[in-house]
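Residue numbers (the working numbering): -9 to 263. Please read the structure below before turning to the comments.
The following block contains the structure:
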């Protein structure tokens, strides 16, 4: 954990765990989600993991989900949580994407699989349901995990999903074939109302901006092996409010550049409080 000045307050290792998501819990602790790589020859490549910690990052309990990889975890309004990801081995078949609902003590309430091969992001709706985005699909489920609707987005990977003030949803990500970033807004039933694309840039995260609209984060491809962190601001109708501009160059380290952009995006989320 870092303070507001970027100084380290504490550090906690979770041995062998690839952490893909961290969320703050109402008691001041954290949920860390991800997976462990299983030994060679195992039936499944990975085991999904969810770790609950105190405010200093010390583990309180953990839950494992054999044969899965957890990509995202959110804290629900009732104090429980929801995790999403994909099944292992990583064949990314239709039906591999899953959601698991847990109470505040880590007890499983329900588990469901959906048409989406991989789930990357989640958001809770006002009525206690959940909207998700992932590989080639985005959808809405009710509080019991029953699917309200699912929409296919051919060739697109939705890395981020959000809820618009209008009652619809926002999905952002990257075209799996072309590498072109995109964002679109939908109606309450998931029907696409508007869409924007970002040639030469890949979108990996999105968040509401403090002054309205949204901030997108990812990387801009400069040349082969050369990319830079990238941020863009848009309004809800899809009209861009600021020219996307690289913030730093990281030749040969696309992941580092994306990380820089995501840290900036996380900071905007923290400022929203």
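Glycine included, every Cβ here is placed at the ideal spot set by N, Cα and C.
Rounding to the nearest angstrom, what Cα-Cα distance links residue 166 and residue 77 in this structure?
Counting from 1 along the chain shown, the entry for residue 166 is found at position 176. Counting from 1 along the chain shown, the entry for residue 77 is found at position 87. Cα to Cα, residue 166 sits roughly 20 Å from residue 77.
With DSSP run on the structure shown, which of helix, strand or coil describes residue 0?
Along the chain shown, one-based indexing puts residue 0 at 10. Correct three-state label for residue 0: coil.
Excluding five sequence neighbours on each side, which residues of the same chain lie with their C-beta closer than 6 Å to the C-beta of residue 104?
On the chain shown, position 114 is the one that residue 104 refers to. The residues are 87.
Considering just the uninterrupted stretch of the beta strand (DSSP E) at residue 194, what are its terminal residues?
Taking the chain shown and counting its residues from 1, one reaches residue 194 at position 204. That run of the beta strand (DSSP E) goes 191 to 198.
Within the continuous beta strand (DSSP E) that includes residue 61, where are the two ends?
Position 71 of the chain shown, counting from 1, holds the residue named residue 61. From DSSP, the beta strand (DSSP E) with residue 61 extends over 58 to 65.
Return the chain-ordered ranges of every beta strand (DSSP E) run that is complete within the region 110 to 173 and spans a minimum of 3 residues.
List check, beta strand (DSSP E) in window: 120 to 131, 137 to 153, 159 to 165.
Pull up the DSSP beta-bridge partners for residue 32, would you.
Taking the chain shown and counting its residues from 1, the one referred to as residue 32 is at position 42. Note: residue 32 sits in no beta bridge, so no partner.
Is it buried or exposed, residue 97, if we count other Cβ atoms within 10 angstroms and call 16 or more buried?
On the chain shown, residue 97 is found 107 positions in, with the first residue counted as 1. So residue 97 ends up on the exposed side.
If we count Cβ pairs, one from each stretch, closer than 8 Å, do we get three or more for the region 131 to 140 versus the region 153 to 163?
Cβ pair count under 8 Å is below three, so no.
Please go through the same chain and pick out, in chain order, the residues whose beta-carbon is closer than 6 Å to the beta-carbon of residue 9, but skip the five residues on each side of it.
For the purposes of this step, residue 9 is taken as the residue at position 19 of the chain shown. So the list reads 22, 24, once near-sequence residues are dropped.
Can you tell which of 99, 124, 157, 68 has its C-alpha closest to the C-alpha of residue 146?
As a working note, residue 146 is residue 156 in the chain shown. With distances taken between Cα atoms, residue 146 lies closest to 124.
Relative to the alpha-carbon of residue 50, which residue among 19, 26, 133, 195 has its alpha-carbon at the smallest distance?
One-based indexing of the chain shown puts residue 50 at position 60. Selected option, being the one with the closest Cα: 19.
Which first and last residues belong to the beta strand (DSSP E) in which residue 205 is found?
Here residue 205 is taken as the residue at index 215 of the chain shown, counted from 1. From DSSP, the beta strand (DSSP E) with residue 205 extends over 204 to 213.
Is it right to say residue 130 is buried, meaning 16 or more other beta carbons lie within 10 angstroms of its own, or is it exposed?
Numbered from 1 along the chain shown, position 140 holds the residue referred to as residue 130. Its Cβ being crowded by 16 or more others within 10 Å, residue 130 is buried.
Just confirm the distance between the C-beta atoms of residue 69 and residue 16, as a whole number of angstroms; I'd bet it's less than 8 Å.
In the chain shown, the residue the question calls residue 69 occupies position 79. In the chain shown, the residue the question calls residue 16 occupies position 26. Contact flag correct, Cβ pair sits at about 6 Å.
At which residues does the beta strand (DSSP E) containing residue 87 begin and terminate?
On the chain shown, residue 87 is found 97 positions in, with the first residue counted as 1. From DSSP, the beta strand (DSSP E) with residue 87 extends over 87 to 92.
Can you give me the Cβ contacts of residue 93 inside the same chain, cut-off strictly under 7 Å, excluding the 5 residues immediately before and after it?
As a first step, residue 93 is located in the chain shown; it is residue number 103 there, counting from the start. So the qualifying residues of the chain are 70, 99.
Looking at C-alpha atoms only, which residue of 198, 168, 190, 186 is the closest neighbour of residue 151?
Translated into positions along the chain shown, residue 151 becomes position 161. If we check each option's Cα against that of residue 151, 198 comes out closest.
For residue 39, which beta-bridge partners are listed by DSSP?
Translated into positions along the chain shown, residue 39 becomes position 49. 24, 54.
Given that a residue counts as buried once 16 or more other Cβ atoms are within 10 Å of its Cβ, and exposed if not, what is residue 281?
In this structure the chain extends from -9 to 263, so residue 281 is not present and cannot be described.
Do you know how far the Cα of residue 61 is from the Cα of residue 128?
Indexing the chain shown from 1 puts residue 128 at position 138. Indexing the chain shown from 1 puts residue 61 at position 71. Their Cα atoms are separated by approximately 15 Å.
Could you check where the beta strand (DSSP E) with residue 74 kicks off and where it finishes?
Within the chain shown, residue 74 is the residue found at index 84, counting from 1. Segment 71 to 77, the beta strand (DSSP E) holding residue 74.
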